[in-house]
Amino acid sequence: MVSASGLLPVMVLLPFIGALVPGLMIRAGRNACATFTAIPTLLALILLGVMAPDVMNGGTVTAQIDWLPGLGLNANFMLDGLGLLFAGMILGVGLLIILYARFYLSGDDPMGQFYTYLLLFQGAMLGISVSDNILLLLVFWELTSLSSFLLIGYWKHLPEGRQGARMALTVTGAGGLAMIAGMLILGNIAGSYDLSVILQHGDEIRASEYYLPALILILLGAFTKSAQFPFHFWLPHAMAAPTPVSAYLHSATMVKAGVFLMARMWPVLAGTEAWFYIVSTVGLITMVLGALIALFKDDLKALLAFSTVSHLGLLTMLLGFGTPMAATVAVFHIINHLTFKATLFMCAGIVDHETHTRDIKRLGGLASLMPITALIAVVAALSMAGIPPLNGFMSKEMMLEEVAHTHWWGGTWPIIIVATAGALLSVAYCFRFIGHTFFGPVRDDYPHHPHDPPAGMLAAPAFLAVMVVAIGLFPSLIAGPIVDVASAAVTGGTAEHVHLKLWHGVTPALIMSIVATLGGAFLLWMHRPLDRVWLSTPRPEAKAIFERLVAVVERASLRFTEITHNGAISRYLAIFTVATIVLGFAAYSGGGMAPPTRGLLPVPPLVAVGFVLLMVATAAIVTMHRNRFRALMLTSVIGLMVSAGFVYLSAPDLALTQITVDTVTVLLMLVALHFLPKDTPSESPTILKVRDGAIAVAAGAAVALLAYSFLLRDVSTISDYHLANSYKGGGGTNVVNVILVDFRGYDTYGEIIVLGIAGLTLYALMEALLNGPASRTLRNWTFPPDRSQDRHPVMMVVATRVMMPIAVLVGVYIFLRGHNLPGGGFVAGLVMSIALLMQYMASGFGWTQERKRFEYHSMIGWGVVVAGLTGAGAWLAGAPFLTSAFGYFTIPPFEEFELATAMLFDLGVFLTVLGAVMLMLYSLSRLARYAGETVNLEPMDYDPSRRFEAAAEVNDKKDGH
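Heads up, the sequence shown is in our numbering, so the first residue is 2 and it goes up one at a time.
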């Protein structure tokens with residue numbers, strides 16, 4: 002195996018990088034846009050050519066990039082014979098399509114957009130062909146579905162284009178989901194998600210009890226992608242796309258992805274009866290059905306689309322036979338199908354471009370008007386029909402030879418008859434394509450006078466037509482080497498060298514081919530009466546069935562959504578809780594739990610009393626929740642009891658956090674309750690209350706059982722690692738704080754961002770509320786007449802003034818000690834918030850706000866920035882994001898002390914928490930002031946010192962009199 006050269010990832014990335022260019026270069030003109038689209042494709046093709054000699058000599062080029070190794074997802078690439086074949090087709094035909102599209106697209110078509118989509122699709126297909134990790138392959142697989150959706154729906158103004166894109170995405174996307182499951186099963190059986198490892202475990206995979214489910218799921222992905230029966234209907238409807246898309250996607254790339262997948266998985270999935278009967282039967286049915294429908298299609302692209310379905314069925318059938326020779330024939334036909342089908346699609350586009358119609362019944366006689374186009378198209382169509390000495394003849398002969406030696410459903414004759422019928426129909430629609438389009442009398446009613454297009458549009462199909470003839474005349478020289486290395490990759494090295502030649506002698510395959518050719522000519526002669534019979538015969542329409550199925554699913558989805566998403570949060574919580582209980586019970590009852598290793602500890606009386614009080618307060622909330630103020634106070638009591646429990650269980654950090662969070666929440670909610678009714682209306686009927694109560698009791702019991710089960714058993718956790726590495730790794734003895742700012746610092750960083758967003762969101766909601774229709778209600782707000790006339794009492798003002806410096810000092814102390822003792826930036830921010838909240842409550846918002854020196858928005862922003870820059874600073878030392886650095890310093894006259902970068906991160910947490918809490922208060926106070934709340938300018942409503950000043954004024958007046 003050749004060591005990775007680094008060229009493989011670059012080759013895959015080039016189309017994605019190149020996709021950024023066409024949208025810009027279109028401003029420089031259409032030629033510049035096409036040129037800069039071709040450059041990344043050409044560079045990728047050159048890189049492929051550099052690596053090709055190693056592969057042609059029997060080696061494999063690899064590249065390994067660790068991405069998410071813990072999940073088995075690595076960006077590993079592998080270029081073997083099969084990957085070389087498909088990568089060459091993708092890039093080579095891609096270049097031709099870029100040239101063809103330059104002249105095909107009109108000036109009104111957004112060419113830059115088209116080339117962008119094309120390069121995205123090209124990169125996704127390249128990724129599929131060289132992926133050495135099935136999870137990475139799945140990523141590229143879904144990218145092909147998305148990018149092909151954009152290409153098929155490129156002409157957004159056409160309803161059929163939008164419908165074809167949706168249909169293709171629905172069918173291939175659904176198959177992709179099934180394939181994901183199958184691939185995960187396959188990786189689980191093999192013990193690795195690397196394709197090169199999986200391919201070495203064929204016997205183990207085939208012997209596994211999960212082989213059949215994995216096989217069916219993977220084949221669903223392949224069959225939907227390659228339009229196999231019964232999923233064949235989407236491909237013809239994708240013909241609403243521009244012809245360059247059809248020529249690229251439906252000859253060389255997207256529809257071949259399913260065939261590629263079956264070929265890639267052939268060494269591990271083939272060789273069983275299930276593989277043989279499923280794959281060969283589906284392929285045979287698709288081959289015959291596609292050919293039959295193609296014979297009676299009047300639209301040139303529709304005829305070619307169903308012919309593509311038929312040939313994809315032929316390839317699927319060959320791979321389904323499970324023999325190395327059949328796989329070799331499939332590889333050879335992949336090449337031949339590419340050459341003549343891409344040519345035919347481009348010729349059909351030329352005919353449509355020049356005559357303004359693709360309806361065969363409106364064409365005919367074009368050979369004399371478009372002689373070059375006719376010559377190219379006739380050569381390609383004869384190859385598709387299997388007429389010597391063209392390349393299609395050889396692969397058809399080899400296919401029929403394999404059919405003649407295959408036992409299928411009890412013998413060889415059934416498959417010989419069916420396959421010959423498929424070949425006969427193929428000859429018939431090819432002859433019809435030639436005869437009804439290019440021969441016959443010249444008409445005088447063409448929608449537009451036809452003539453050969455410019456050389457730029459003819460160059461690509463002409464080159465492929467030359468390849469059709471060249472491969473037919475010199476198969477071993479041109480196609481032989483790549484067929485050998487690709488076949489070896491497909492079969493795992495069991496394929497023997499096949500000498501490709503035009504004449505094999507008089508064989509059963511030759512006789513079957515002659516029968517098919519003569520029969521096809523006869524069907525062409527009988528086409529008119531047969532067409533009338535076909536049109537008058539009722540038959541199921543796949544498109545109609547699909548649309549009815551989609552409609553049924555849509556109605557069922559709407560009904561399900563109406564039932565489960567009715568806007569009631571109680572229903573959402575009920576569904577979520579019940580599902581959690583059921584899943585938890587299923588896991589618990591599945592066994593595997595070790596016996597208890599611990600006994601129960603004695604319960605001190607004080608703890609028992611506290612637990613009872615906690616339960617009483619919780620039950621009281623349930624019964625008294627309609628009174629909002631009472632429910633809030635009970636919630637506060639529960640929070641304090643939980644804090645006491647944390648203290649008893651030696652978790653002071655949690656206790657501090659719980660107390661401060663609870664205090665801040667209660668204070669803010671008290672402000673919010675000012676705008677809500679005192680009581681909540683009763684909305685739930687008794688039966689729903691009983692239901693919700695039963696669910697709540699079951700959920701509580703389940704959580705209690707889970708906690709009880711864990712507490713009785715010794716379990717291995719990551720706590721031991723944190724305890725051992727807190728000081729030497731994070732520089733702190735407070736393990737909880739080190740976890741927050743170092744080990745799990747990224748989580749904390751995300752949480753403060755969320756907290757900041759919450760504060761900004763509340764501000765934005767208040768802004769919208771005050772400037773929206775609801776503002777009229779606020780302006781007409783009536784305050785209760787019995788409200789207190791002393792809302793800012795002197796005692797509270799004095800108490801909060803005394804508390805302020807103490808609270809600030811406590812906050813600073815908690816902040817500084819947090820790395821080694823209970824505390825930290827989060828708790829310090831909450832303590833400072835409480836101190837400021839008390840000032841607002843004591844003296845009112847207006848008086849306090851005048852003394853504010855910092856904007857709360859800026860405080861949130863600076864907090865996030867400081868925390869982020871602290872984390873990014875670790876990169877300068879070559880360490881991961883948010884890795885702490887610390888050291889010990891001595892500055893006389895102080896003793897030795899520690900400084901750590903974690904303090905800067907904690908400062909960011911502190912600023913964000915303080916800014917978010919105060920911004921929430923600011924937003925709620927704006928609501929009150931807008932509603933007519935008076936704004937005080939003094940620190941208190943009644944100032945005792947004013948009494949003496951008033952008395953002095955009265956005495957002065959008396960003295961003056």
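Cβ coordinates follow ideal geometry from the N, Cα and C atoms, glycine included.
Looking only at HIS238, ALA29 and LEU883, the smallest Cα-Cα distance to ALA903 is reached by LEU883.
Here ALA386 has GLY393, SER427, VAL428, CYS431, PHE432, THR518 and GLY521 as same chain residues with Cβ atoms under 8 Å from its own Cβ, once five neighbours each way along the sequence are excluded. For ALA656, the closest alpha carbon among the candidates CYS34, PHE827, GLY174 and MET921 is that of PHE827. Taking C-alpha positions only, TYR573 is separated from ALA652 by approximately 34 Å. Short of 7 Å from the beta carbon of LYS544, and not among the five residues preceding or following it, lie these beta carbons of its own chain, in chain order: PHE234 and HIS238. In this chain, the alpha helix (DSSP H) harbouring GLY19 covers 8-19.
For the options LYS362, LEU425, HIS452 and ILE373, the alpha carbon positioned closest to that of GLY436 is the one of LYS362. DSSP places SER132 within a strand segment (E or B) once states are collapsed to three. Per DSSP, the continuous alpha helix (DSSP H) segment holding MET399 begins and ends at 392-405. In this structure, MET616 is the residue among ASN628, MET616 and VAL256 with its C-alpha nearest to the C-alpha of ILE639. Here the alpha carbon of ALA873 sits roughly 20 Å from the alpha carbon of GLY757. Secondary structure of GLY733 (DSSP, three-state): coil.
Measuring C-alpha to C-alpha distances from VAL579 to each of ARG692, ILE206 and ASN821 identifies ARG692 as the nearest. Taking C-beta atoms as the reference points, TRP142 and GLY183 fail to come closer than 8 Å. Rounded to whole angstroms, ALA39 and ALA248 show a C-alpha spacing of 17 Å.
With contacts defined as CB atoms closer than 8 Å, LEU305 and LEU339 fail to qualify as a contacting pair. Here the C-alpha atom of ALA169 lies approximately 13 Å from the C-alpha atom of TYR155.
By the neighbour-count definition (other C-beta atoms within 10 Å, threshold 16), HIS452 is an exposed residue. In the displayed model, THR63 falls within a strand according to three-state DSSP. CA-to-CA, the gap between GLY165 and ILE153 works out to about 7 Å. One Cα belongs to SER130, the other to MET12, and the distance between them is close to 12 Å. The three-state secondary structure of TYR923, taken from DSSP, is helix. A straight line joining the alpha-carbon of GLU768 with that of VAL755 spans about 20 Å. Along the length of the segment 79-146, whole alpha helix (DSSP H) runs at least 4 residues long occupy 82-105 and 112-131, reported in chain order. When C-beta atoms of the segment 738-757 are compared with those of the segment 859-878, three or more pairs fall below 8 Å, so the two segments count as touching. Between ALA466 and ILE335 the beta-carbon gap is near 18 Å, outside 8 Å, which marks them as no contact. Within the segment 160-238, no complete beta strand (DSSP E) segment of 3 residues or longer occurs.
Closest option to ALA381, judged by alpha-carbon separation, among GLY879, GLY412, HIS450 and PHE341: PHE341. Here GLU899 is bridged, per DSSP, to TYR889. For ASP300, the secondary structure class from DSSP, reduced to helix, strand or coil, is strand.
Runs of beta strand (DSSP E) with 3 or more residues, each lying fully within the segment 512-593, are absent.
Between the segment 40-58 and the segment 79-92, the count of C-beta pairs closer than 8 Å reaches three or more; the two stretches touch. Note on geometry: alpha-carbon atoms of ASP204 and LEU119 lie some 40 Å from one another.
The criterion of a C-beta distance shorter than 8 Å is not satisfied by ALA327 and SER308. Annotation: THR495 is outside any alpha helix (DSSP H) and is labelled neither H nor E by DSSP. Under the 10 Å beta carbon count, THR562 is surrounded by fewer than 16 other beta carbons and is classified as exposed.
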